[in-house]
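The sequence shown maps to residues 4 to 462 in the numbering used here.
Heads up: the structure comes next, in structure tokens.
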Amino acid sequence: MIPNILQDADRVLYLDADTVVSADISDLFKIDISEYYCAGVRDILVEKSGYARELGISGLYINAGVMLLNLCKMRSDGSVERLMQITSEKRFKFQDQDAFNVVFNGKIKELDCVYNFKRAHQKAFREKAELAKIIHYVGPSKPWLKFSINKHKRLYFKYKKISPYRREKIKVALLVDEYFGAWKTAYGGYGFLAREIVSKHLPASDIDLEVIIGRQKNCLFHASHRTIDGIKVWRLPRLDFFARRWLKKADYDCWLSIELSYDFILRLDSNPNRKLILWIQDPRPKSAWDKIGKMKKVKDRSFYNQKIYDEVKSWCNLGKVKFVTQGRTLSPLAKELYSMPGELEPEFLPNPVRIDTQYKFDIAKKEKIALFIGRLEAQKRAWIFCEIAKLMPEYDFYVMGKFHRDMADNKEALSPYLGGKVKNLHFCGYLVGAEKEALLRRARACKHLYLGGNPHFMA
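Shown next as structure tokens:
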């Protein structure tokens, strides 16, 4: 049907779907086929089997996977109708290929096998394997099959990797070290954002999301995963070699990270074209950690890691980082932390927060309740909230959060307030869902509300 469909074209190059063009083939169009219906490469296996002679073809029998068609000649004598008739006859073994060879018998120009190089040619014409311009993966031994032994197998994956059509969806890996309690991770702000915002809003008809929460502690060689809230979450092998091999096979389109917490994936990434989207959430340069470290009540762990920030900077210098943020005021701190160029500004992406526009805050209808929501760790300074509770006995103070890191030290810091020692102070642990929402609606004031919560409850 090609001559009828492409009526403005005089000639066309037809390629089967299982072919790879690995060189400039413009010289094909310089071949004179004015006296021929088409040009193609001899099918040495079909001719050797004797099948061509059964069809009454004594000369050239071509493989129809690559053909240069003379559309003018095909239109001139009604060959399209003859081709359609032959194709419908059940006696033919190779359908359209037989039809072309029967109808065009004696009027086909032979091409060099480099223009339709098949597995059979790898044995018969070994010297031309490196010169092949069009590779044809004919037959059942397709390169994407696990046990294919085609010598040009790697060539298929080379071009698949750089093809914009290699998959229907963009494949994104979210790099975090906590996932809001899932898989024994911390209930932190980064984890909340990762699990409750990004993982619930990013997956779409054209985006696939998976999460990597670092390495495994004990397994050196294998990655393991769990499906959490419908999202596949991974821990990678402990050893670099196996982690690098896993990442290469996973072949993500890009990395997405919330304040990069580990850099081994950037170090092991072998794809020079892959980029990082870095979500600026809570940038803490050295000056910020110095202030946190001055607390006398408890020594807080510092997560400052210059090695990670240098890795981000090197990627930034290569033009491989896109900075985004939910707060424009965070840009100066991010520039200091990642040594960003002065003219580079993170793109502003506000959180997809559901806001009840009908909600009216009426303090007269609120109970005398104040809330603290956050991890019970030193940098959150929960003891300040507890001291305020002692000064305001007419209010009930609720602490909603759990101990996680440095549990012994943090429990010791809050020991003067635990166990009912302050009558109006209540430690209710980690709350979620309807129970949390109900307490929020009753309260007059809230300290340190998690991202993604209802901003109307903030005092």
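Where a beta carbon is used, it is the ideal one built from N, C-alpha and C, also for glycine.
Predicted model only: the values in this text are computed from it and were never measured.
Should residue i be labelled buried (16 or more other beta-carbon atoms within 10 Å of its own) or exposed?
i: Phe460; result: Residue placement at Phe460 is poorly supported in this model, since its pLDDT is 34, which falls under 50; the coordinates still yield a value, given next. So Phe460 counts as buried.
i: Gln10; result: exposed
i: Ser290; result: exposed
i: Asn308; result: exposed
i: Lys383; result: buried
i: Asp101; result: buried
i: Ile376; result: buried
i: Glu92; result: exposed
i: Met403; result: buried
i: Arg45; result: buried
i: Pro275; result: exposed
i: Phe160; result: exposed
i: Arg129; result: exposed
i: Arg169; result: exposed
i: Cys449; result: buried
i: Asp13; result: exposed
i: Pro6; result: buried
i: Met343; result: buried
i: Lys112; result: buried
i: Gly194; result: buried
i: Gly81; result: exposed
i: Gly436; result: exposed
If you measure from the beta carbon of residue i to each beta carbon in chain D, is any gap under 9 Å?
i: Tyr168; result: Annotation note: the requested chain D is absent from the structure, which comprises a single protein chain.
Taking DSSP's pairing of strands, which residues face residue i in a bridge?
i: Leu72; result: Val15, Cys41
i: Trp386; result: Paired residue(s): none; Trp386 is not in a bridge.
i: Ile268; result: Its beta-bridge partners do not exist; DSSP assigns none.
i: Lys235; result: Glu213, Thr230
i: Asp24; result: For the sequence presented, residue 24 should be read as Val rather than Asp. Val24 is bridged to Ile137.
i: Ile372; result: Asp399
i: Asp303; result: None; Asp303 has no bridge partner.
i: His407; result: Asp409
i: Arg218; result: Leu239
i: Lys112; result: Ala42
Can you tell me whether DSSP reads residue i as helix, strand or coil?
i: Trp3; result: With the chain covering 4 to 462 only, the question about residue 3 has no answer from this structure.
i: Leu63; result: coil
i: Arg298; result: Strictly speaking, residue 298 in this sequence is Met, with Arg absent from that position. Coil, per DSSP.
i: Ala207; result: strand
i: Glu92; result: coil
i: Cys431; result: coil
i: Trp186; result: helix
i: Phe195; result: helix
i: Leu279; result: strand
i: Tyr401; result: strand
i: Cys449; result: strand
i: Trp147; result: coil
i: Ala416; result: helix
i: Leu347; result: coil
i: Gly455; result: Here Gly455 scores only 35 on pLDDT, less than 50, and its place in the model is too uncertain to base an answer on.
i: Lys325; result: strand
i: Arg357; result: coil
i: Ala156; result: For the record, residue 156 in the displayed sequence is Lys; it is not Ala. It is helical.
i: Arg287; result: coil
i: Val120; result: Position check: residue 120 holds Phe in this sequence, whereas Val was assumed. It is a strand residue.
i: Lys363; result: coil
i: Arg248; result: helix
i: Ala392; result: helix
i: Lys174; result: strand
i: Arg85; result: helix
i: Ser52; result: helix
i: Lys126; result: helix
Cβ of residue i within 9 Å of Cβ of residue j?
i: Ile261; j: Val179; result: yes
i: Lys136; j: Phe120; result: yes
i: Met70; j: Leu158; result: no
i: Ile138; j: Val23; result: yes
i: Cys389; j: Val425; result: yes
i: Lys156; j: Pro146; result: yes
i: Val201; j: Leu259; result: yes
i: Phe400; j: Glu380; result: no
i: Tyr341; j: Leu281; result: yes
i: Ile210; j: Lys172; result: yes
i: Gln284; j: Gly192; result: yes
i: Phe245; j: Phe224; result: yes
i: Leu263; j: Val315; result: yes
i: Val105; j: Phe95; result: yes
i: Ala385; j: Asn427; result: no
i: Asn66; j: Ser37; result: no
i: Glu346; j: Pro286; result: no
Taking one C-beta from the stretch 293-300 and one from the stretch 246-262 each time, how about it: are there three or more such pairs within less than 8 Å? Here the stretch 293-300 does not lie against the stretch 246-262, with fewer than 3 beta-carbon pairs under 8 Å apart.
Using 8 Å as the cut-off, can you tell me whether the stretch 151-167 makes contact with the stretch 67-87, which would need three or more C-beta pairs spanning the two stretches below that distance? The stretch 151-167 is not in contact with the stretch 67-87.
Taking one C-beta from the stretch 353-363 and one from the stretch 173-193 each time, how about it: are there three or more such pairs within less than 8 Å? The stretch 353-363 vs the stretch 173-193: no contact.
Should the stretch 231-241 be regarded as contacting the stretch 210-218, the criterion being three or more beta carbon pairs within less than 8 Å? Flag = yes, the stretch 231-241 and the stretch 210-218 touch.
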